[in-house]
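Okay, so here's the structure we're looking at.
Number of protein chains: 2
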Amino acid sequence: MTGLSAAISTGESGDMSGDVSGAIASNSTTRTVDRALALLAEVCAEDSISLSECARRAQLPASTALRLLRTLEGSGFVDRDYDGSFRAGARLIQLGASALGRQGIVRLAEPGLRRMVAATGESAYLAILGPNETAIYIAMVEGTHAVRHTSWVGRSLPLANLAVGRALLDDIGPAGYVAERDRLEPDVTAIVAPIRRPGGVAGALSLLGPTYRIDDKTLHRYGDIVADEARSLGTQLGIAPPRSPGPARTPRQETGT
Amino acid sequence: MTGLSAAISTGESGDMSGDVSGAIASNSTTRTVDRALALLAEVCAEDSISLSECARRAQLPASTALRLLRTLEGSGFVDRDYDGSFRAGARLIQLGASALGRQGIVRLAEPGLRRMVAATGESAYLAILGPNETAIYIAMVEGTHAVRHTSWVGRSLPLANLAVGRALLDDIGPAGYVAERDRLEPDVTAIVAPIRRPGGVAGALSLLGPTYRIDDKTLHRYGDIVADEARSLGTQLGIAPPRSPGPARTPRQETGT
DNA sequence: GGCAAAGTTTTCAATATTGAAACAACCACG
DNA sequence: CGTGGTTGTTTCAATATTGAAAACTTTGCC
Numbered sequence: 018m019t020g021l022s023a024a025i026s027t028g029e030s031g032d033m034s035g036d037v038s039g040a041i042a043s044n045s046t047t048r049t050v051d052r053a054l055a056l057l058a059e060v061c062a063e064d065s066i067s068l069s070e071c072a073r074r075a076q077l078p079a080s081t082a083l084r085l086l087r088t089l090e091g092s093g094f095v096d097r098d099y100d101g102s103f104r105a106g107a108r109l110i111q112l113g114a115s116a117l118g119r120q121g122i123v124r125l126a127e128p129g130l131r132r133m134v135a136a137t138g139e140s141a142y143l144a145i146l147g148p149n150e151t152a153i154y155i156a157m158v159e160g161t162h163a164v165r166h167t168s169w170v171g172r173s174l175p176l177a178n179l180a181v182g183r184a185l186l187d188d189i190g191p192a193g194y195v196a197e198r199d200r201l202e203p204d205v206t207a208i209v210a211p212i213r214r215p216g217g218v219a220g221a222l223s224l225l226g227p228t229y230r231i232d233d234k235t236l237h238r239y240g241d242i243v244a245d246e247a248r249s250l251g252t253q254l255g256i257a258p259p260r261s262p263g264p265a266r267t268p269r270q271e272t273g274t
Numbered sequence: 018m019t020g021l022s023a024a025i026s027t028g029e030s031g032d033m034s035g036d037v038s039g040a041i042a043s044n045s046t047t048r049t050v051d052r053a054l055a056l057l058a059e060v061c062a063e064d065s066i067s068l069s070e071c072a073r074r075a076q077l078p079a080s081t082a083l084r085l086l087r088t089l090e091g092s093g094f095v096d097r098d099y100d101g102s103f104r105a106g107a108r109l110i111q112l113g114a115s116a117l118g119r120q121g122i123v124r125l126a127e128p129g130l131r132r133m134v135a136a137t138g139e140s141a142y143l144a145i146l147g148p149n150e151t152a153i154y155i156a157m158v159e160g161t162h163a164v165r166h167t168s169w170v171g172r173s174l175p176l177a178n179l180a181v182g183r184a185l186l187d188d189i190g191p192a193g194y195v196a197e198r199d200r201l202e203p204d205v206t207a208i209v210a211p212i213r214r215p216g217g218v219a220g221a222l223s224l225l226g227p228t229y230r231i232d233d234k235t236l237h238r239y240g241d242i243v244a245d246e247a248r249s250l251g252t253q254l255g256i257a258p259p260r261s262p263g264p265a266r267t268p269r270q271e272t273g274t
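Protein chains in written order, with the working numbering: chain A, 18 to 274; chain B, 18 to 274.
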């Protein structure tokens with residue numbers, strides 16, 4: 018059950034015998050690197066994955082996949098288990114933590130997520146816009162009910178037809194939130210509100226829980242909670258600008274190779 | 018502008034032109050990918066960075082750096098500002114969030130970090146072993162004092178000579194924690210304890226605060242707190258093993274050839 | 001305007017990467 | 001105890017990538 022990754026799909030593929038015309042091809046991108054990144058994504062989409070599985074999904078010959086994965090391993094972007102399978106490496110975790118930490122919104126959102134959980138018992142998420150018309154869940158606070166939605170952090174979803182997509186595109190009604198039942202997965206109800214800031218939508222807060230527990234009245238109550246938190250977060254973002262304004266270069270250079 | 022950059026650099030031996038030895042080099046890694054990953058790391062090390070600065074730090078010709086960065090951009094691993102400078106992209110944030118989310122330890126550690134902050138007011142961190150003898154800070158809860166240590170999340174440090182390194186290598190005294198004053202940075206005191214689990218050390222909990230506020234007595238009190246939380250976390254990890262317990266083969270996915 | 005610095009694009013010989021095939025292991029099964 | 005299927009690994013001709021230099025654009029500054 019990946020879910021991730023599937024989105025990419027390489028656009029073309031299949032039988033490549035003909036395609037002489039090509040010409041357009043890739044606008045000066047490096048094939049080697051694209052492939053390595055695709056492999057990295059495949060590795061991240063699973064807890065751990067074997068070489069051949071990974072190669073198959075990325076549609077690469079095993080020998081090439083092996084070489085690239087070994088390179089990724091050499092830089093610490095993937096790790097290798099005792100049994101030879103691959104998993105996300107420490108370097109990736111580091112860069113991810115660093116990139117996430119720079120997203121001020123993650124830090125700012127946490128208290129609100131926590132309050133949402135305290136008020137509802139359901140799992141609360143923060144999502145942002147990803148590449149290619151996708152939404153990405155980048156933070157969550159787990160709910161307190163025994164039956165609850167469990168981690169979607171890192172998951173990416175298409176914007177189309179989902180509540181989170183409508184929120185991120187600011188396509189919502191006057192209530193300030195949008196809810197949907199059983200859309201992506203049966204028995205899951207999503208309640209989402211956009212985090213608006215001067216420049217546009219910075220992200221979205223979501224509450225995800227089992228449909229059976231959320232009747233219409235509860236849904237509206239939760240919706241107001243989510244919308245309130247999203248508004249408050251938007252205000253904070255408006256006050257504290259997102260990033261260091263000046264072109265000032267930071268002198269430090271860390272990262273061990 | 019420029020100026021800085023070159024000066025700081027790699028901390029060891031001045032002239033690095035040669036690197037003749039080579040031995041390490043060719044062990045079946047692909048240069049292209051290594052370079053792209055180095056560029057990715059450079060981009061992540063800064064809020065945003067220009068092409069030439071990035072190329073200089075990675076010691077690559079501008080034309081190559083541009084090609085590789087564009088490839089990274091094409092996959093969403095880096096983004097480009099309106100002014101052309103590069104920054105971490107959504108895809109990286111996604112994979113990072115996913116990888117971090119999979120590190121069960123992050124989720125488990127959070128309550129403990131929170132308790133540490135509640136008890137001391139200082140910022141609390143979780144660190145794990147990174148590649149190449151480094152430690153990586155992957156989670157934190159910010160302290161409550163007006164003067165406090167602020168985010169090192171994503172930062173990587175050498176193990177050698179640092180308290181966090183000794184904890185991660187389990188080279189600590191009988192007290193169950195190790196503390197150091199003003200080692201890495203003046204006026205910063207670190208109090209660290211290893212999170213031990215059956216297989217070895219899973220990570221380390223750190224409390225970081227200004228030296229002037231932490232006298233010897235306070236230091237020992239905090240040390241006990243940190244050590245207690247680390248022990249408790251280690252126990253939890255021992256009970257709830259990290260996912261995929263067995264050497265379970267990669268599952269199914271039986272696409273016909 | 002004119003100068004300097006940075007970003008972008010182009011070219012093509014020199015060099016690095018690729019992948020089909022071959023191998024060695026391993027596993028499951030009859 | 002093979003037989004057939006799978007996986008991880010290595011090899012080396014065929015192919016893609018590289019980078020110095022030059023040309024061009026843009027931007028900032030005096």
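Built from N, CA and C at the ideal position, the CB exists for glycine as well.
Tell me which residue opens and which closes the beta strand (DSSP E) that residue i is part of.
i: D96/B; result: V95 to R97
i: L225/A; result: G217 to P227
i: R74/B; result: Unbroken run through R74/B is the alpha helix (DSSP H), L68 to A75; no beta strand (DSSP E).
i: G91/B; result: First-last for G91/B: A79 to G91, but that is the alpha helix (DSSP H), not the beta strand (DSSP E).
i: C142/B; result: Sequence inspection shows Tyr at residue 142/B; the Cys mentioned does not correspond to that position. Unbroken beta strand (DSSP E) run through Y142/B: S140 to G147.
i: L174/A; result: S173 to P175
i: R200/A; result: Element bounds for R200/A: n/a, residue is neither H nor E.
i: V209/B; result: V205 to R214
i: A105/B; result: F103 to A105
Quick one: what's got a C-beta closer than 6 angstroms to residue i's C-beta in the same chain, skipping five residues either side?
i: Y154/B; result: Y142, A144, W169, V170 and R172
i: P215/A; result: G255
i: E197/B; result: A180 and A207
i: T161/B; result: G138
i: L236/B; result: A196
i: I231/A; result: T206
i: G263/A; result: In this prediction, G263/A scores a pLDDT of 32, lower than 50, which makes its location untrustworthy; the coordinate-derived value is nonetheless stated afterwards. If we look at G263/A and ignore the five residues flanking it on each side, it has no Cβ neighbours.
Give the C-beta separation of residue i and residue j to the nearest angstrom, bearing in mind that I take them to be a contact with Cβ-Cβ under 8 angstroms.
i: I189/B; j: P211/B; result: 6 angstroms
i: L222/B; j: L201/B; result: Rounded, the Cβ-Cβ distance is 17 angstroms, inconsistent with contact.
i: G3/B; j: E246/B; result: As displayed, chain B neither begins before 18 nor continues past 274, which places residue 3/B out of reach and without an answer.
i: T46/A; j: G91/B; result: 5 angstroms
i: G113/B; j: L146/A; result: With a Cβ gap of about 16 angstroms, G113/B and L146/A do not count as contacting.
i: L125/A; j: L250/A; result: 6 angstroms
i: R165/B; j: G226/B; result: 7 angstroms
i: A184/A; j: I122/A; result: Not really, about 14 angstroms apart at Cβ, beyond 8 angstroms.
i: D98/B; j: S65/B; result: 6 angstroms
i: D199/A; j: T167/A; result: Their Cβ separation, rounded to whole angstroms, is 17 angstroms, which puts D199/A and T167/A out of contact at 8 angstroms.
The alpha helix (DSSP H) that contains residue i, what's its start and end?
i: A180/B; result: A180 to L185
i: T137/B; result: G121 to T137
i: Y154/A; result: Counting along the chain, Y154/A falls outside any alpha helix (DSSP H), though it belongs to the beta strand (DSSP E) covering T151 to V158.
i: E275/A; result: What is shown of chain A runs 18 to 274, which leaves residue 275/A out entirely.
i: A55/A; result: R48 to A62
Around the C-beta of residue i, are 16 or more other C-beta atoms found within 10 angstroms, so that it is buried, or is it exposed?
i: D203/B; result: Checking the sequence shown, residue 203/B turns out to be Pro, not Asp. It counts as exposed.
i: A82/A; result: buried
i: A135/B; result: exposed
i: D187/B; result: exposed
i: G118/A; result: buried
i: G217/A; result: exposed
i: A156/A; result: buried
i: A163/A; result: exposed
i: I41/A; result: Low per-residue confidence applies at I41/A: pLDDT is 35, beneath 50, and the placement is therefore not dependable, though the value from the model is reported in the following sentence. Label assigned to I41/A: exposed.
Can you find the residues in the same chain that come closer than 8 angstroms, C-beta to C-beta, to residue i, ignoring five residues on each side of it along the sequence?
i: L85/B; result: T49, R52, A53, L56 and L77
i: A79/A; result: L68, S69 and A72
i: T151/A; result: A24, S173, L174, P175 and L176
i: V60/A; result: I66, C71, L86, L89, V95, F103, R104 and A105
i: D233/B; result: none
i: R213/B; result: D187, A219, A247, R248 and G251
Please find out if some non-hydrogen atom of the ligand PLP comes closer than 7 angstroms to the beta-carbon of residue i.
i: A62/B; result: Because no ligand of any kind appears in the structure shown, any question about the ligand PLP cannot be addressed here.
So, at 7 angstroms on beta carbons, what are the nonlocal neighbours of residue i in its own chain, with the 5 sequence-adjacent residues on each side left out?
i: L224/B; result: M133, T137, E139, A141, I208, Y239 and V243
### Query
For the 8 angstroms Cβ check, are there 3 or more pairs between the segment 62 to 74 of chain A and the segment 98 to 109 of chain B?
no
### Query
Between the segment 188 to 199 of chain A and the segment 234 to 250 of chain A, do at least 3 Cβ pairs fall closer than 8 angstroms?
yes
### Task
Determine contact between the segment 75 to 83 of chain A and the segment 44 to 59 of chain A, defined as no fewer than three beta-carbon pairs at a distance below 8 angstroms.
yes
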